[in-house]
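Chemist:
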Amino acid sequence: MADYLRDLRDYPVLPQVEPGALIDRLPAHGPEQPETMQNILADFRELIVPGLTHWNHPRFHAYFSISASGPGILGEMLASALNVQHMLWKSGPAATELEQVTLGWLRDWLGLPSEFFGIIHDTASTASMHAVLAARELAAPEARLTGNHPPLILYESEHTHSSVDKGALCVGIGRENIRHVAADGEFRMLPSELEAAIKNDLAHGRKPFCVVATLGTTSSSSVDPLKDIAAIAKRYGLWLHIDAAYGGPAALLEEHRHILDGSADADSMVINPHKWLFVPVDLSVLYTRRPEILRRALSLDETPAYLVTAEHDRAVNLSEYALPLGRRFRSLKLWFVMRYYGREGIQRILREHMRFAQLLVEEIRNDSRFELSAPVPFSLVCFRYRGSDDENRALLDRINTTGRAFLSGTVLNGKFLLRFAIGNVATTEADIRETWQLIQSLV
Ligand code: PLP
36 MADYLRDLRD
46 YPVLPQVEPG
56 ALIDRLPAHG
66 PEQPETMQNI
76 LADFRELIVP
86 GLTHWNHPRF
96 HAYFSISASG
106 PGILGEMLAS
116 ALNVQHMLWK
126 SGPAATELEQ
136 VTLGWLRDWL
146 GLPSEFFGII
156 HDTASTASMH
166 AVLAARELAA
176 PEARLTGNHP
186 PLILYESEHT
196 HSSVDKGALC
206 VGIGRENIRH
216 VAADGEFRML
226 PSELEAAIKN
236 DLAHGRKPFC
246 VVATLGTTSS
256 SSVDPLKDIA
266 AIAKRYGLWL
276 HIDAAYGGPA
286 ALLEEHRHIL
296 DGSADADSMV
306 INPHKWLFVP
316 VDLSVLYTRR
326 PEILRRALSL
336 DETPAYLVTA
346 EHDRAVNLSE
356 YALPLGRRFR
366 SLKLWFVMRY
376 YGREGIQRIL
386 REHMRFAQLL
396 VEEIRNDSRF
406 ELSAPVPFSL
416 VCFRYRGSDD
426 ENRALLDRIN
436 TTGRAFLSGT
446 VLNGKFLLRF
456 AIGNVATTEA
466 DIRETWQLIQ
476 SLV
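The number in the numbering used here is simply the position in the sequence shown, starting from 1, with 35 added.
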């Protein structure tokens, strides 16, 4: 592992493999006899690693760039060795309490209200699904008993991550009841359009119940106007969920704290330490000011006898607030990362990433062959070659097939563009400059 992390720049970020390549090289059936660890590791190196996309590579700039930092990896290894499963306080007292402590620290660093209760999930998709479930429970508690409820309407912007839609489907909202509110020229939800949509649904006898605001949308990292959306949510009695999966960590910096203005009125929020807080995949945090509603949404008539434990004020059973019974000891790696870097260390890295993004913005502005495609509030730079979509797609392919960097693409305003996401702890200014020169040389 140490060698891998040291030599990562020698690996192609994106492997040049055909689908099925690994399946064709591995036996069709599992081994009958034990194998030596030496052989297993040799195959790991020769067969598995060459077929991987290296997410921990400093020049991985696709999707959202992430890091498994050293302390995070150690925390993950220890969690595996301990194999604790803290479904109940009793089944993992320290794991349960470390989850509460680390999420309390994070809440404090972000300046969130102290009454926000935090719980760790695998991904933002799961966390948001639970937020929508709690919103449904509040708006239509009969649904838990009968499985039926009147049409409940969920609002999000046209740029909201698809995970929210999937979560809504999982809790029975129905696609026809999800409104994709129009955004402005900078890809932020238009509060006036949100309110118009709510009024229209009310006029037709439907029941608005939830609105989702995003801080750092996936395509462009745009920030929805949270304060205005919170005011509308309050006026119409809607559950306000914030998707800060990517952008949330920016609020650790005083100069970006304002993105959370309005969060004091939110009912729930998701933030992904496995995106831009240097914690290995997976670890997503759901905060909610209404944990009792979430618990009620998942409650049964009777707790099965095998899960009954003695009641105690301070003994929280986290599985009562989530669908899965089993819980991995994820907070350990978050604790390691928070302590190893400290708030100031994390702030320094986030600021560096944003500085790199601004360097890139300058470079793009100085090269007339390219144009910026969206504002750059954080560390994601969207740009395109001033040519056709096909030319931009071909450029992206040329960049990625070199193996020296990996970018992804998206469509905004009907045009295909390139996304250069910065978020890995090991990325340096030299990496950014080298990748930009590579892009320029491939036009
Ligand atoms: N929300 C936003 C804004 C995202 O960008 C993503 C993924 O990139 C998600 C949610 C889903 O995250 P996860 O993979 O943790 O489910």
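Glycine included, every Cβ here is placed at the ideal spot set by N, Cα and C.
Whose CA, out of P339, A301 and H194, lies closest to the CA of R325?
Modeler: The residue labelled residue 325 in the question sits at position 290 within the sequence shown. Per the Cα distances, A301.
Chemist: With F391 and E464 assumed to form a contact (beta carbons below 8 Å), what rounded beta-carbon distance in angstroms separates them?
Modeler: Position 356 of the sequence shown holds residue 391. Position 429 of the sequence shown holds residue 464. Correct: roughly 6 Å between the Cβ atoms.
Chemist: Can you give the Cα-Cα distance for N307 and S319, rounded to whole angstroms?
Modeler: Taking the sequence shown and counting its residues from 1, the one referred to as residue 307 is at position 272. Taking the sequence shown and counting its residues from 1, the one referred to as residue 319 is at position 284. It is roughly 4 Å from the alpha-carbon of N307 to the alpha-carbon of S319.
Chemist: Relative to the C-alpha of S227, which residue among I264, P412 and G297 is closest?
Modeler: Working through the sequence shown from its first residue, we reach residue 227 at position 192. S227 has its Cα closest to that of I264, out of I264, P412 and G297.
Chemist: The ligand PLP and T158: does any heavy atom of the ligand fall closer than 7 Å to the residue's C-beta?
Modeler: The residue given as residue 158 occupies position 123 in the sequence shown. Checking the Cβ of T158 against the ligand PLP gives yes.
Chemist: Helix, strand or coil: which one does DSSP assign to T323?
Modeler: Residue 323 sits at position 288 when you count from the first residue of the sequence shown. DSSP places T323 in strand when its eight states are reduced to three.
Chemist: Any heavy atom of the ligand PLP closer than 7 Å to the CB of F99?
Modeler: Along the sequence shown, read from residue 1 onward, the residue named residue 99 stands at position 64. Result yes, Cβ under 7 Å from the ligand PLP.
Chemist: If you compare alpha carbons, which of L87, D38, D45 and G65 is closest to V52?
Modeler: The count along the sequence shown starts at 1 and reaches residue 52 at position 17. Considering only alpha carbons, the answer is L87.
Chemist: Per DSSP, which one or two residues make a beta bridge with R454?
Modeler: Against the sequence shown, residue 454 aligns to sequence position 419. Per DSSP, the beta-bridge partners of R454 are C417 and S443.
Chemist: Using the Cα positions of W274 and T161, report the straight-line distance between them to the nearest angstrom.
Modeler: Walking along the sequence shown from the start, residue 274 turns up at place 239. Walking along the sequence shown from the start, residue 161 turns up at place 126. Looking at the two C-alpha atoms, the distance is approximately 17 Å.
Chemist: How do the region 245-262 and the region 206-226 stand: do at least 3 beta-carbon pairs fall below 8 Å, yes or no?
Modeler: yes
Chemist: Who are the Cβ neighbours of C417 in its own chain at under 6 Å, not counting the five residues just before and after it?
Modeler: Position 382 of the sequence shown, counting from 1, holds the residue named residue 417. Closer than 6 Å at the Cβ level, and outside the excluded window around C417, lie S255, S408, A409, L452 and R454.
Chemist: Pick helix, strand or coil for H388, following the three-state DSSP scheme.
Modeler: Reading the sequence shown from its first residue, position 353 is the one you call residue 388. It is helical.
Chemist: Apart from the five residues just before and just after P312, which ones in its own chain have a Cβ nearer than 6 Å to its Cβ?
Modeler: For the purposes of this step, residue 312 is taken as the residue at position 277 of the sequence shown. Contrary to the premise, residue 312 reads as Leu rather than Pro in this sequence. Cβ neighbours of L312 beyond the five flanking positions: P284.
Chemist: Check whether the Cβ of S366 sits closer than 7 Å to any heavy atom of the ligand PLP, and report yes or no.
Modeler: The sequence position of residue 366 within the sequence shown is 331, counting from 1. Outside the cutoff, so no.
Chemist: For a test of your reading of the model: does the CB of T462 fall under 7 Å from any non-hydrogen atom of the ligand PLP? Yes or no.
Modeler: As a working note, residue 462 is residue 427 in the sequence shown. Answer for T462: no, Cβ out of range of the ligand PLP.
Chemist: Within 10 angstroms of its Cβ, does L295 collect 16 or more other Cβ (buried), or is it exposed?
Modeler: In the sequence shown, residue 295 corresponds to position 260, counting from 1. Buried: at least 16 other Cβ atoms inside 10 Å.
Chemist: Are at least three pairs of beta-carbons, each pair with one atom in the region 334-354 and one in the region 138-151, less than 8 Å apart?
Modeler: no
Chemist: Provide the residue span of the alpha helix (DSSP H) that contains L117, from first to last.
Modeler: Reading the sequence shown from its first residue, position 82 is the one you call residue 117. From DSSP, the alpha helix (DSSP H) with L117 extends over G105 to L117.
Chemist: Within the continuous alpha helix (DSSP H) that includes W144, where are the two ends?
Modeler: Reading the sequence shown from its first residue, position 109 is the one you call residue 144. Per DSSP, W144 belongs to the alpha helix (DSSP H) from P128 to L145.
Chemist: Just reading off the beta strand (DSSP E) that V343 is part of, what are its end residues?
Modeler: Translated into the one-based positions of the sequence shown, residue 343 becomes position 308. Careful: V343 lies outside any beta strand (DSSP E) and carries neither H nor E.
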